[in-house]
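Undergrad: One structure coming up, written as structure tokens, with questions to follow.
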Amino acid sequence: MTNRNETKEIRIGNRIIGGGHPILIQSMCNTKTDDAEATTAQILALERAGCDIIRVAVPDMEAAMAIREIKRAIHIPLVADIHFDYRLAIAAIECGADKIRINPGNIGARERVKAVVDKAEEYGIPIRIGVNSGSLEKNLIEKYGRVTAEGLVESALDKAAMVEQMGYDNLVLSIKSSDVLMCVRAHELLAEKTRYPLHVGITEAGTVISGNIKSAVGLSLILGQGLGDTIRVSLTGDPVEEIKSAKLILRTLGLRNGGVEVVSCPTCGRTKIDLIGLANQVETMVQEYPLDVKVAVMGCVVNGPGEAREADFGIAGGRGEGILFRKGEAVKKVPEGELLAELKKELDRCLANGEPVSG
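Residue numbers are given in this note's numbering: position 84 of the sequence shown equals residue 86, and the series is strictly consecutive.
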């Protein structure tokens, strides 16, 4: 990987971004924020999956008030997402939000934006200025003839300048588009013009399949240039899937270590077990293990052992049974229905002995 772009250090709750700190993973709840119990449960599940920062929608005052209760039960920074009503931003800050996300362009008059900025400064929390291609101002669309990377950058910088003129520079910037190449170009341009930390993502990326592909391509092109301080993989579905994908993207790019890596074969006519189901079960099971290991799930005993040699643990299937491997060596033969349990025992043993072996 190239060297990280040097950005300003910003504290968000108990986390720090920018300044060379590790890239953090963010997601957003899809629960109703005013349902504090459901929202808290989802955040705790996201924490277990590896989420570093969580954002919640604040469409009304009930949602803003719920932040106080939610904050008492979670362990990661909470970002309040505000549109249109400046009073919601103020209430969210007073209720404990660690950061707020606003688009000053839809907050209203300058004095309303100033009221939000003053409250953020009073509580010492950062403001994320977010600009999306779908909400680009008409004058910038007219200036550039359409929605462009240049227009997105100009919009973000204009809004940052507005807040700076109010005496505040505790800022994070984000510019997002569902157009992957436009989004990449916008980040390249923005990084040349600012040292504020960048929150990176492809907005409205789509379902788990299309969203993962677009996010992987876009994020790789952006992160590969050393840009980005926090990321979100936006998917239509369970936000826990966003965390799984973000972790894998960062690990694949060499930007994050640790976590169980699962490799599996694509199956073929030699496969005698339900490898697809088993691989999915393994991938789900390993998410909560804080181990730096590689697990291979292979479909047959012909190539499986050799292909799994570089893994810390491996499963190679046979007819209704499988072989458990450790460091490329066969450990035992077990019935198909017990393979998952036997693998879990191996991971539990590593965890209990404090042996996070590296694959």
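Yeah, the Cβ is synthetic: ideal placement off N, Cα and C, and Gly gets one too.
On a CA-only basis, which of Y198, T209, K178, E263 is nearest L221? Give me that one, please.
TA: K178
Undergrad: Given 8 Å as the limit, is there contact between the segment 59-68 and the segment 82-93, that is, 3 or more CB pairs closer than that?
TA: yes
Undergrad: For K296, would you say it is in contact with chain D, using Cβ-to-Cβ distances shorter than 8 Å as the test?
TA: Checking the listed chains, one finds no chain D in this structure; it contains a single protein chain.
Undergrad: Grab the span of the beta strand (DSSP E) containing Q28 for me, first residue to last.
TA: 26-30
Undergrad: Which whole-angstrom value describes the C-beta separation of V299 and L280, a residue pair presumed to lie in contact below a C-beta threshold of 8 Å?
TA: 6 Å
Undergrad: Counting only the same chain and skipping the five closest in sequence on each side, list residues whose C-beta sits under 7 Å from that of N5.
TA: G228
Undergrad: Using a Cβ-Cβ cutoff of less than 6 Å, which residues in the same chain neighbour G153 once the five nearest sequence positions on both sides are dropped?
TA: L138, L142, Y146
Undergrad: Which of the three DSSP states is assigned to A313 in this structure?
TA: coil
Undergrad: Assuming the contact rule is C-beta atoms closer than 8 Å, M184 and A218 should be a hit. Round their C-beta distance to whole Å, please.
TA: With 8 Å as the limit, M184 and A218 do not qualify as a contact, their Cβ atoms being about 17 Å apart.
Undergrad: Please state if the CB of L191 and the CB of V155 are separated by a distance shorter than 8 Å.
TA: yes
Undergrad: Of the residues E243, A343, G320, G21, which one's Cα is nearest the Cα of V174?
TA: G21
Undergrad: Can you say whether N16 is buried or exposed, counting buried as having 16 or more other CB atoms within 10 angstroms of its CB?
TA: exposed
Undergrad: With a threshold of 8 Å on Cβ separation, who are the neighbours of G98 within its own chain once the five nearest residues in sequence on each side are excluded?
TA: Answer for G98: I69, R70, K73, L80, listed in chain order.
Undergrad: Over what stretch of residues does the alpha helix (DSSP H) that includes P374 continue unbroken?
TA: In the structure as shown, the chain begins at 3 and stops at 361. Residue 374 is therefore absent and cannot be evaluated.
Undergrad: Between the Cα of R187 and the Cα atoms of V202, L252, N282, which residue gives the shortest distance?
TA: V202
Undergrad: Express the C-alpha separation of R114 and Y88 in angstroms, rounding to a whole number.
TA: 6 Å
Undergrad: What's the call for R351, buried or exposed, on a 16-neighbour Cβ count within 10 Å?
TA: By the Cβ-count criterion, R351 is exposed, with fewer than 16 other Cβ atoms from all chains shown falling within 10 Å of its own Cβ.
Undergrad: Measure how close the beta-carbons of L257 and L277 come, nearest whole angstrom, since I'm counting them as under 8 Å.
TA: Incorrect: roughly 30 Å between the Cβ atoms, too far for contact.
Undergrad: Residues bridged to R187 by DSSP?
TA: For R187, DSSP records no beta bridge to any residue.
Undergrad: With a 10 Å radius around its C-beta and 16 neighbouring C-beta atoms as the bar for buried, classify H77 as buried or exposed.
TA: exposed
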